[in-house]
């Protein structure tokens, strides 16, 4: 956290304005090297934006971290001192900026080039390119964000689709914490009743009835299960729906891949085994991100490199949300693909134009197979609809609106909490389990849930107890 | 003028002072105990009872570690009950009504008869300190205390156990007077002295109910509350305990009581705003209860005789600072108390306390080296909590003086550990009382296994005489052997069914050893063997050992599970901060966490994690910075090595 970092903060090539963010103790000094005029003259006023012309830093600037001539990346041809863009320059001084450090934000003209140029100029002036999520990490380390908020922001930054961004935003506004509170608060109330009855033995508190205990447990388990079951949705929203094309070599996977993308992305050749590694591409459709993976064909034999490719294929399939099993119309093939648990398998017959008017030959392909012909574009829209429905796009949008964007940490804690609650439910019968054991399980469940939002436990519990009970003799 | 020179000077003859002074003298140091009046040693100014949930646990631990309280209450108890008998052993605890005067006399005799301990009857008016290096912490070192008339009592270490006496202010209705409790003067100067050497003080409040003349109470219509026929002792050294010698009674407030209280609320110092100190939520005054729980039409009142040679009855449940005439009126509205005479009125007392973040886990103060604090002065309430601190402070003052490593009880091994750790990590805004729910390791920290849990600590501390420690070890080995026997004892179920182990039977809800004896074909043989293994113990001790073995078996699975859950943070728990760690410089911490860490200076990440306001994110930041700090130091050391 000693150096100053820079990155383009807005998504590439979409917005009318592109924001470049510079953060760190030298932010103002570095920014001055590319700002013409007095926009950053002393005294720098936080939160006051000024319009200024930006330029590539001068070669003679002795304080620049690296020599500008070398810092100039190959993709730009710029001369020291060359003017780049006119931008709004907004200094946010510590601790008020987003990261809690001195920050300067540049609002450049839209399109990716001006922003990338400005970022490059700032690097030439001494800043370092920010790593993924580094701004949020700094914001978190500077106490500007809670853990869940920081995670949400990291997700938001990485969200290159509308639904993912909406989910991250909802979480940022406390969506997940609210969901957790809806599970935890009734449990806390239950625990307070049990504790009260134990601690104040003389005060005639009965503690919860077995029925009340069971009711709260059932409800909490159901809510936990719903949340846990939204974990794949969270993953889909954050990382995209993973769509994996598999099938025997030369079945037409790569042609189909390109047809689904609408561009020539994968190398297509008639020779079997052309695709030796996994080729991936990202597509946004209906506000959701899909990541398509074209894999090496599955077949026996083949060279060592091809074997490696096939192993990669298996790994990719294991992480799939939708598996598309492709076979060629002229060669039904034999490869049976096992889709991983929780994923959907779609059968596709490629090169269906070869079948002529006869269409699907009964019994050779699954009845629900989608017939496609990459050359003519036949069946591609239909296949996309099937993919969207298999990915549960409606559910994903609903999950996004709730703000349930679980990451692995959340999921692990939730599963932990759920296990404790189930263990307690298993102890319960017509009679309530021993109070100290109920309390123990509830406490551990709550510890797991509280870890999601990072709360401190005991004092709140006691406060609950005191609020509920007229205690003390 | 010199009044004497001692190794350890203890100020205060309450429950904390007794333990601290006795520990010092028994560890072989020259100790003095300063008190206004030796007849006040061991007084119970509030409820004449010891024990209960959490508190009883503390007394059992104090006893095993060589403290005095357990034996004192066993010898002077009039009425004992194990609370929560119908619940699990982890949340059962003994509670006993003491003969208040007998308890006091007994403690006075023990203290005054203790070789190596001198009782000094005097006021403590000030501290004798010398400055240490400028700007450092601690800024002072203790040299002793100033007594009345400016006499000096020198002490290499001083333990302050002054209870509620610091600027004590008593309220009865609109009346106020200075005093630490009924009939005792307050200590005005000492507050100023503590401020002078850099302590921050805050104001707390507590209260007590009226006392009634026993003969004026009509118990004929009231429900009696009998003690246990076969009571459980607090002390493992107690071999005989008489059954209850008195009865307590139960009655209730009613709508009329509540109406009288409501009509006079404006005369209550609490509601009229005359009291600034914070009172305990767990022990509210009756006026508090009537206001906060307006929907309840009655509250329980326990009538507890204060002793055999006194005519006073303690009216448990109606602590109050209402005016005297209102007290008489509402008391007489209660069934059975229609003609009650008040021997003494209830009152609230406000007093200065030293917020406990100003002490370390040894209870040595941070501003003054060699000055230890214990008991109510640190913001706790209760005789048991006070005694526990007195023991910790006394033992550590001695260890500090003799150059031994401090004795630091841990949260996972004792309620003493929970107490001390809470004191150094919590901002205490109301008088602190122990609850079992404060202990994360509640299933393990039971009353029944204090002997097994704390034998090693007792040996380290060194207060138990060698033969006592030896027999304690033997007893513990016996318990462990019985646990093994139960785990390995496999037999057919008496009523048919698959064979099972005695231990598995015991783990069933509601099971006990008697049931195991009946349900296994060889059950009676097992019980006989176990009885034989404890034959060298007294009847009381054998019963307690048996209970421990049974609950250890019953809880074992849950304890393993709970340890697993709690161990996730364990690697951070004991990660230590360097003494000069600069929290204020870590911008990464949230404002609240930074301010509190800077002020409270926790010793470990574990302690930091329990400070309210320090959240998971702050801990992540702290551990990152600690790691960085260590790496920097390592680099420095390496480069120093290279230079040589």
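Chains as they are written, first to last, in this note's numbering: chain A, 173 to 645; chain B, 31 to 674.
Don't be surprised by glycine CBs; every beta carbon is placed ideally from N, CA and C.
For residue j and residue i, the rounded distance between their alpha carbons
i                      : j                      : result
residue 240 of chain B : residue 617 of chain A : 44 angstroms
residue 614 of chain B : residue 620 of chain B : 11 angstroms
residue 207 of chain A : residue 189 of chain A : 18 angstroms
residue 140 of chain B : residue 51 of chain B  : 11 angstroms
residue 610 of chain A : residue 385 of chain A : 9 angstroms
residue 182 of chain B : residue 489 of chain B : 35 angstroms
residue 389 of chain A : residue 592 of chain B : 20 angstroms
residue 290 of chain B : residue 326 of chain B : 15 angstroms
residue 660 of chain B : residue 394 of chain A : 46 angstroms
residue 195 of chain B : residue 31 of chain B  : 25 angstroms
residue 356 of chain A : residue 252 of chain B : 43 angstroms
residue 336 of chain B : residue 344 of chain B : 6 angstroms
residue 759 of chain B : residue 187 of chain B : Only positions 31 to 674 of chain B appear in this structure, which leaves residue 759 of chain B out of reach.
residue 205 of chain A : residue 250 of chain A : 15 angstroms
Distance CB(residue i)-CB(residue j) smaller than 7 angstroms
i                      : j                      : result
residue 196 of chain A : residue 210 of chain A : no
residue 155 of chain B : residue 64 of chain B  : no
residue 159 of chain B : residue 422 of chain B : no
residue 450 of chain A : residue 467 of chain A : yes
residue 46 of chain B  : residue 419 of chain B : yes
residue 493 of chain A : residue 563 of chain A : yes
residue 177 of chain A : residue 288 of chain A : no
residue 415 of chain B : residue 94 of chain B  : no
residue 222 of chain A : residue 261 of chain A : yes
residue 185 of chain B : residue 152 of chain B : no
residue 172 of chain B : residue 401 of chain B : yes
residue 417 of chain B : residue 92 of chain B  : yes
residue 423 of chain A : residue 515 of chain A : no
residue 371 of chain B : residue 246 of chain B : yes
Sequence-distant residues of its chain with Cβ nearer than 6 angstroms to residue i (five each side left out)
i                      : result
residue 62 of chain B  : 36, 39, 148 and 150
residue 307 of chain B : 233, 234, 235 and 380
residue 496 of chain A : 417, 518 and 520
residue 274 of chain B : 109 and 257
residue 200 of chain B : 207, 209, 377 and 379
residue 126 of chain B : 80, 81, 103, 107 and 110
residue 546 of chain A : 427, 428 and 431
residue 592 of chain A : 613, 616 and 617
Same chain, Cβ closer than 8 angstroms to residue i, neighbours up to 5 away in sequence not counted
i                      : result
residue 218 of chain B : 197 and 208
residue 11 of chain B  : It is not possible to answer for residue 11 of chain B, since the shown part of chain B is limited to 31 through 674.
residue 368 of chain B : 248 and 362
residue 454 of chain B : 386, 387, 389, 390, 391, 630, 632, 633 and 637
residue 264 of chain A : 218, 219, 270, 274, 275, 276 and 277
residue 460 of chain B : 234, 308, 309, 310 and 311
Cβ-based neighbour list, residue i, same chain, cut-off 7 angstroms, excluding 5 preceding and 5 following
i                      : result
residue 604 of chain B : 634 and 636
residue 575 of chain B : 505, 508, 509, 564 and 567
residue 297 of chain B : 203, 204, 352, 353 and 356
residue 623 of chain A : 585
Amino acids of chain D, ordered along the chain, whose beta-carbon sits closer than 7 angstroms to that of residue i
i                      : result
residue 272 of chain A : The structure shown contains no chain D; its protein chains are A and B.
Which runs of the alpha helix (DSSP H), 4 residues or longer, sit entirely within the region 121-167 of chain B? 130-143
Of all the beta strand (DSSP E) runs that stay within the bounds of the region 397-457 of chain B, which reach a length of 3 or more residues? Listed in chain order, they are 401-403.
On the three-pair Cβ rule with 8 angstroms, is the region 434-441 of chain B touching the region 400-413 of chain B? no
3 or more residues per run - each beta strand (DSSP E) lying fully within the region 248-300 of chain A: 255-264 and 275-281
Just checking, does the region 104-116 of chain B make contact with the region 73-88 of chain B on the three C-beta pairs under 8 angstroms criterion? With the cut-off at 8 angstroms, the region 104-116 of chain B and the region 73-88 of chain B touch.
Quick check: the region 262-282 of chain B against the region 410-426 of chain B, are at least 3 beta-carbon pairs closer than 8 angstroms? no
Report yes or no: do three or more beta-carbon pairs, one from the region 264-272 of chain B and one from the region 88-100 of chain B, lie closer than 8 angstroms? yes
Threshold first: 3 residues or longer. Then list the beta strand (DSSP E) segments lying entirely within the region 330-390 of chain B, N to C. 330-335, 342-346, 372-374 and 377-383
Taking only runs that begin and end inside the region 173-217 of chain B, name each unbroken beta strand (DSSP E) of 3 or more residues, in chain order. Runs of the beta strand (DSSP E) inside the region 173-217 of chain B: 182-190, 199-202 and 205-208.
Given 8 angstroms, three or more beta-carbon pairs between the region 401-408 of chain A and the region 481-490 of chain A: no
In chain order, what are the residue ranges of uninterrupted alpha helix (DSSP H) at least 4 long that sit wholly in the region 492-554 of chain B? You should have 496-518, 532-536 and 543-549.
Do three or more CB pairs link the region 638-645 of chain B to the region 455-465 of chain B at distances below 8 angstroms? yes
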